[in-house]
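Here's the structure, in structure tokens; my notes come after.
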Amino acid sequence: MRLTFYTLPISNYAAKVELALRLKGLPYEALPPPDGYGSPAYKAIVPAGTIPALVVTGLEAGELVLTESEVINEYLDEAWPDPPLLPGGPRARARTRQLARFHDSRLEPVIRALFAQMAPAGRDAALVERQCALFATRLADLASMTTPQPWLAGPSLTLADLPYPPTLLMAGLMLEHLGRKLDLPPGLVAWHERALAHPSFAPVLEAQAAATRAWLATKV
Ligand SMILES: N[C@@H](CCC(=O)N[C@@H](CS)C(=O)NCC(=O)O)C(=O)O
7 MRLTFYTLPI SNYAAKVELA LRLKGLPYEA LPPPDGYGSP AYKAIVPAGT
57 IPALVVTGLE AGELVLTESE VINEYLDEAW PDPPLLPGGP RARARTRQLA
107 RFHDSRLEPV IRALFAQMAP AGRDAALVER QCALFATRLA DLASMTTPQP
157 WLAGPSLTLA DLPYPPTLLM AGLMLEHLGR KLDLPPGLVA WHERALAHPS
207 FAPVLEAQAA ATRAWLATKV
């Protein structure tokens, strides 16, 4: 069995999968998408053309090509259950998935909508204002959905904890670039610090921060 992980250090979605791979202690080969994501060369391997992607070879049933970070993370947890990243029982699992998907469907797209606003030329001040206010609202929504104890979905670290630190890192740097500040709701501060201090998170976030800073440096 061999895991090939298509990734770029700047990608917050790829960071979320890398966190799961590291927490599971799985060996993998990390590769950038050949000719960039969306390229014909990459689509020949990963038809969806997006990163992250995981190609699993050496399986009896044949090669498995997966995209969608949450799908990949759930696959990793089912295929390598130790340590578990989904709690036992339908109720706790549904809660965990709800918190994880809130990131993908509600929080992250709001900050992603600001990618095109990083360069000052042609910046739409009203759109920036609107998206920043919406991002703050969505963070407050997340804080209303959970009281970390100490992790987002309860006593153990789960798939719900993985998407947020990379996106908060990206959002913090983007907001700083816009002369603003990321204000985390008070109920999430201790959880966030705990995640940042976790040995599996630090190296992934360091690489992502360097790549994000280099990208933003081109937007002046
Ligand atoms: N819903 C996808 C989103 C992944 C995503 O947006 N990846 C970006 C890079 S961070 C990408 O591949 N963009 C290329 C494209 O949209 O063509 C996931 O969870 O994996």
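Counting in our numbering, the sequence shown runs from 7 upward without gaps. Using N, Cα and C, we set each Cβ at its ideal position, and we do this for glycine too.
**Study point:** Sufficient close CB pairs (3 or more, under 8 Å) joining the stretch 196-216 to the stretch 131-145
**Key:** A contact between stretches requires three or more CB pairs, one per stretch, nearer than 8 Å, and the stretch 196-216 fails this requirement with the stretch 131-145.
Point to revise | Residue from S17, E66, T153 whose Cα sits closest to the Cα of L105 | key: T153
Review point. How would you write the range of the alpha helix (DSSP H) that P11 sits in, first residue to last?
Key: Looking at the sequence provided, one finds Phe at residue 11 rather than Pro. Per DSSP, F11 is not a residue of any alpha helix (DSSP H); the beta strand (DSSP E) it occupies stretches across 8-12.
Review point. Hey, would you say P40 sits closer than 8 Å to Y34, going by beta carbons?
Key: no
Exercise for review: Check whether the Cβ of G31 lies closer than 7 Å to any heavy atom of ligand 1, and answer yes or no.
Suggested key: no
Point to revise | Proximity of P161 and A201 at Cβ, strictly below 8 Å | key: no
Check your understanding: What separation, rounded to the nearest whole angstrom, lies between the Cα atoms of A59 and S150?
Key -> Their backbone Cα atoms lie some 32 Å apart in a straight line.
Practice item. For D167, verify whether its CB is less than 7 Å away from any heavy atom of ligand 1. Key: no
Check your understanding: For the stretch 41-72, which segments carrying the beta strand (DSSP E) assignment without a break, of at least 3 residues, lie completely within its bounds, in sequence order?
Key -> 59-63
Point to revise | Cβ neighbour criterion (16 or more within 10 Å) applied to R101 | key: Burial call: buried.
Check your understanding: With distances taken from CA atoms, which of G68, E135, G128, A132 is nearest V226?
Key -> G128
Exercise for review: Taking all protein chains shown into account, decide if K187 is buried (16 or more other Cβ within 10 angstroms of its Cβ) or exposed.
Suggested key: exposed
Practice item. Compute the distance between the beta-carbons of W157 and L165, then report whether it is under 8 Å. Key: No; because the gap between Cβ atoms is not below 8 Å, this pair is not in contact.
Check your understanding: What does a CB cutoff of less than 7 Å around T56 pick up in its chain, not counting 5 residues either side in sequence?
Key -> Y43, T73
Review point. Is there at least one non-hydrogen atom of ligand 1 closer than 7 Å to the beta-carbon of P58?
Key: yes
Review point. When you compare each of F11, P15, Q155 to A220 by their alpha carbons, which one comes out closest?
Key: The shortest Cα separation from A220 among F11, P15, Q155 belongs to P15.
Check your understanding: With distances taken between CB atoms, is the gap from Q137 to N18 smaller than 8 Å?
Key -> no
Exercise for review: Using only the heavy atoms of ligand 1, determine whether one of them is closer than 7 Å to the beta carbon of N18.
Suggested key: yes
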